[in-house]
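Peer 1:
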Amino acid sequence: MTVWVPTDDGHADLASHDAFTDGPPHNTFARMRKEDPLSWVEWDGGMGFWAVTRHEDILAMNGNSQVFSSARGIRMEDQSYEEYLARRTFQETDAPDHMKTRIKVAKAFSKPVIAGFEEDIRVLCDEILDAALPLGTFDATKEIARQLPMRMLGRIIGTPDADLPWLVEKGDALIANTDPDFTDHVLDKLDTDEYRMMPFNSPAGAELYAYAKELMAKKAAAGDTEGMLHLILQPGRDGETISETEFRNFFCLLVAAGNDTTRYSIAAGIQALCHQPELLGQMQTDETVWETAPDEIIRWATPALYFRRTATQDYEMHGKTIREGDKVLLWFASGNRDETVFEDPFRVNLGRTPNRHMSFGQGGPHVCLGMWLARLEVRVLFQELTRRIKSIEPAGPHKFLRSNFVGGIKSLPVTVEMA
């Protein structure tokens, strides 16, 4: 039994957010991997782009940052150089600028440091599940998947718990800015030019930055020098500090990306439990799966569907020429279902090893800083969930985000029977 079967006709428009409202168009990706692994896609909203769909090609191009640059944006949207400078985060830089910022915060996200959060995460999971499971039937994305990364966010950036729902709401408005369920300023439906200098072209960026400024002022007044935000403000090895604009964009990235990606991984894992009943038994009886299960759940989820790069020079591949300045979209969602790399890719195999999934951007300089935290949160959440329940089943159709950038189940009705 597979967890979910794609329904697209094999010729979906990858430039359209509407093509992803029933989940990623995996029939289209499968056809492209076989017939046209480097495919040119026209786009009514701007310049077209190259779609890269095979695992081996994505891995090679992601690791070649000299030719495929992040320093002109990581999303499909076109932007002027002025807009790029105003909105960029360290994700949208190349060496050496990328490493200057990364070094400042990398220690805080290292495996040993993150391991120290395990007990805190387990306590949070207890509280979340104790509140959700007695409901019997509920939206698992809202009541479980959304809760854990949101509450961990507060511990990482040092915000009061009372502020967290608002922060996550604004983060959703940023990163899911193509879904009307999350924002009134839908990127491809309204004129958002007024906010073109804000992160993700969204008014939520301005609101989050105002919050961050006030938060840091309060921390300074209280002599609080702990946490991620303090680290990012420290001078680098060259004595330079980040600008006000860079701090604003970093804060917005931390709130949005640090929350949504783990949320949608957890939601996808719960979806898998509903449709592959044997997974529950494995998690309950086989301790060895916890070494591999988090990565398989994250492979299955692929929260970041693609990342864009821009060619810095002409490049030949598959008998075609990518021209200098062309946009190149690395479709991680396709790479993670590549049947030449993953046996039976539409089944969740908790013991899958090796698991060369691409969800963390492996192979390139932008490998996800939060990968150890994501793995830990996923592991602990499913350990605590599966020991409490006897069964879990769908209670209605699940709904995906309207986005070709963020892959996620925004609504997941389930019914659980307690153990």
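The working numbering applies: residue 17 is where the sequence shown begins, and numbers increase by one. Note that beta-carbon positions come from the ideal geometry of N, C-alpha and C, so glycine has one too.
Can you tell me whether Thr199 is buried or exposed? The criterion is at least 16 other CB atoms within 10 Å of its CB, across all chains shown.
Peer 2: Within the sequence shown, numbered from 1, the residue matching residue 199 stands at position 183. Burial call: buried.
Peer 1: Please state the DSSP three-state secondary structure of Arg324.
Peer 2: Here residue 324 corresponds to residue number 308 of the sequence shown, with the count starting at 1. Reduced to three states, the DSSP call for Arg324 is strand.
Peer 1: Output yes or no for whether 8 Å exceeds the beta carbon distance between Ala320 and Ser375.
Peer 2: Locating residue 320 in the sequence shown gives position 304, counting from the first residue. Locating residue 375 in the sequence shown gives position 359, counting from the first residue. In this structure, Ser375 lies closer than 8 Å to Ala320 by Cβ.
Peer 1: Could you please give the first and the last residue of the uninterrupted beta strand (DSSP E) stretch that includes Phe154?
Peer 2: Along the sequence shown, one-based indexing puts residue 154 at 138. Start and end: 153-155.
Peer 1: In whole angstroms, what is the alpha-carbon distance linking Phe436 and Leu249?
Peer 2: With the chain running from 17 to 435 in the structure shown, residue 436 is simply not present.
Peer 1: Assign Pro196 to one of three DSSP states: helix, strand, or coil.
Peer 2: Your numbering for residue 196 matches position 180 in the sequence shown. Three-state DSSP puts Pro196 in coil, outside helix and strand.
Peer 1: Distance, Cα to Cα, Arg418 vs His42?
Peer 2: In the sequence shown, the residue the question calls residue 418 occupies position 402. In the sequence shown, the residue the question calls residue 42 occupies position 26. When rounded, the distance between both Cα atoms is 16 Å.
Peer 1: With 16 as the cutoff for other CB atoms within 10 Å, does Thr277 come out buried or exposed?
Peer 2: Residue 277 sits at position 261 when you count from the first residue of the sequence shown. Buried.
Peer 1: Pick out whichever of Glu332, Asp34, Arg70 has its Cα sitting closest to the Cα of Arg49.
Peer 2: As a working mapping, residue 49 is identified with position 33 in the sequence shown. For Arg49, the nearest C-alpha among the options comes from Arg70.
Peer 1: Go to Ala46, then tell me how far its beta strand (DSSP E) extends in each direction, as first and last residue.
Peer 2: For the purposes of this step, residue 46 is identified with residue 30 of the sequence shown, where counting begins at 1. Unbroken run through Ala46 is the alpha helix (DSSP H), 42-51; no beta strand (DSSP E).
Peer 1: Taking Cβ to Cβ, would you say Leu231 is nearer than 8 Å to Thr175?
Peer 2: Stepping through the sequence shown from its first residue, residue 231 is reached at position 215. Stepping through the sequence shown from its first residue, residue 175 is reached at position 159. A contact, by the Cβ cut-off of 8 Å.
Peer 1: Could you spell out the range, first to last residue, of the beta strand (DSSP E) harbouring Lys343?
Peer 2: Counting from 1 along the sequence shown, the entry for residue 343 is found at position 327. That run of the beta strand (DSSP E) goes 343-346.
Peer 1: Looking at the structure shown, is Trp66 part of a helix, part of a strand, or coil, going by DSSP?
Peer 2: Translated into positions along the sequence shown, residue 66 becomes position 50. In the structure shown, Trp66 sits in a strand (DSSP, three-state: E or B).
Peer 1: To which residues of the same chain is Val271 closer than 8 Å at the C-beta, ignoring the five residues directly before and after it?
Peer 2: For the purposes of this step, residue 271 is taken as the residue at position 255 of the sequence shown. Cβ within range, chain order: Leu169, Ile173, Leu183, Val184, Lys186, Gly187, Leu190, Leu224.
Peer 1: Between which two residues does the alpha helix (DSSP H) harbouring Lys229 extend?
Peer 2: As a first step, residue 229 must be located in the sequence shown, where it is residue number 213. Unbroken alpha helix (DSSP H) run through Lys229: 219-237.
Peer 1: Considering just the uninterrupted stretch of the alpha helix (DSSP H) at Val121, what are its terminal residues?
Peer 2: Numbered from 1 along the sequence shown, position 105 holds the residue referred to as residue 121. Start and end: 113-122.
Peer 1: Output needed for Thr369: all residues of its chain with C-beta closer than 7 Å, excluding positions within five of it in sequence on either side, in chain order.
Peer 2: Your numbering for residue 369 matches position 353 in the sequence shown. If we look at Thr369 and ignore the five residues flanking it on each side, its Cβ neighbours are Thr308.
Peer 1: Contact between the region 239-254 and the region 78-91: three or more CB pairs below 8 Å?
Peer 2: With a cut-off of 8 Å, the region 78-91 and the region 239-254 do not count as touching, because too few Cβ pairs lie within range.
Peer 1: Starting from the Cα of Gly252, find the closest Cα among Ile405, Lys120, Asp342 and give me that residue.
Peer 2: Translated into positions along the sequence shown, residue 252 becomes position 236. Closest by alpha carbon: Lys120.
Peer 1: Rounded to the nearest angstrom, what separates Pro219 and Gln95 at their Cα positions?
Peer 2: Indexing the sequence shown from 1 puts residue 219 at position 203. Indexing the sequence shown from 1 puts residue 95 at position 79. Between Pro219 and Gln95, the C-alpha separation is close to 17 Å.
Peer 1: Among Thr105, Val83, Ala102, Lys116, which residue has its Cα nearest to the Cα of Glu473?
Peer 2: The displayed coordinates of the chain run from 17 to 435. Any statement about residue 473 would go beyond what the structure contains.
Peer 1: Along the chain, where does the beta strand (DSSP E) that runs through Leu295 open and close?
Peer 2: Along the sequence shown, one-based indexing puts residue 295 at 279. That residue, Leu295, is in no beta strand (DSSP E); its alpha helix (DSSP H) goes 294-301.
Peer 1: If we count the other Cβ atoms within 10 Å of its Cβ and call it buried at 16 or more, is Thr105 buried or exposed?
Peer 2: Working through the sequence shown from its first residue, we reach residue 105 at position 89. Thr105 comes out buried.
Peer 1: Tell me, which residues are paired with Ile405 by DSSP?
Peer 2: By 1-based counting over the sequence shown, the position of residue 405 is 389. Note: Ile405 sits in a beta bridge opposite Met434.
Peer 1: Within a Cβ cutoff of 7 Å, which residues of the same chain sit near Glu340, ignoring the five residues on either side of it in sequence?
Peer 2: One-based indexing of the sequence shown puts residue 340 at position 324. These residues qualify, in order along the chain: Ala327, Thr328, Gln329, Asp330.
Peer 1: Could you tell me whether the Cβ atoms of Phe84 and Arg372 are closer together than 8 Å?
Peer 2: As a position in the sequence shown, residue 84 is number 68, starting the count at 1. As a position in the sequence shown, residue 372 is number 356, starting the count at 1. No.
Peer 1: Does DSSP classify Trp20 as helix, strand or coil?
Peer 2: Against the sequence shown, residue 20 aligns to sequence position 4. DSSP places Trp20 in coil when its eight states are reduced to three.
Peer 1: Can you tell me whether Val129 is buried or exposed, with buried defined as 16 or more other CB within 10 angstroms of its CB?
Peer 2: Counting from 1 along the sequence shown, the entry for residue 129 is found at position 113. Exposed.
Peer 1: For the region 412-430 against the region 27-44, are there 3 or more C-beta pairs whose distance is under 8 Å?
Peer 2: Contact between the region 412-430 and the region 27-44 is present, because at least three Cβ pairs lie under 8 Å.
Peer 1: When the Cα of Glu135 is compared with those of Arg404, Leu397, Ala411, Gln292, which residue comes out closest?
Peer 2: Working through the sequence shown from its first residue, we reach residue 135 at position 119. The candidate whose alpha carbon is nearest that of Glu135 is Leu397.
Peer 1: Cβ atoms of Val394 and Thr285: under 8 Å apart, would you say?
Peer 2: Looking up residue 285 in the sequence shown gives position 269. Looking up residue 394 in the sequence shown gives position 378. Residue 285 is actually Gly in this sequence, not Thr. A contact, by the Cβ cut-off of 8 Å.
Peer 1: Check each candidate in Lys415, Ala435, Pro429, Val430 and name the one with the smallest Cα separation from Asp195.
Peer 2: Along the sequence shown, read from residue 1 onward, the residue named residue 195 stands at position 179. That would be Lys415, whose Cα lies nearest to the Cα of Asp195.
Peer 1: So, is Pro112 buried or exposed, given that buried needs 16 or more other C-beta atoms within 10 angstroms?
Peer 2: Position 96 of the sequence shown, counted from the first residue, corresponds to residue 112. With fewer than 16 other Cβ atoms within 10 Å, it is exposed.
Peer 1: What do you reckon, are the CB atoms on Ala192 and Ile314 nearer than 8 Å?
Peer 2: Position 176 of the sequence shown holds residue 192. Position 298 of the sequence shown holds residue 314. Their beta carbons are not under 8 Å apart, which means Ala192 does not touch Ile314 by this criterion.
Peer 1: From which residue to which residue does the beta strand (DSSP E) around Glu332 run?
Peer 2: In the sequence shown, counting from the first residue as 1, residue 332 sits at position 316. Segment 331-333, the beta strand (DSSP E) holding Glu332.
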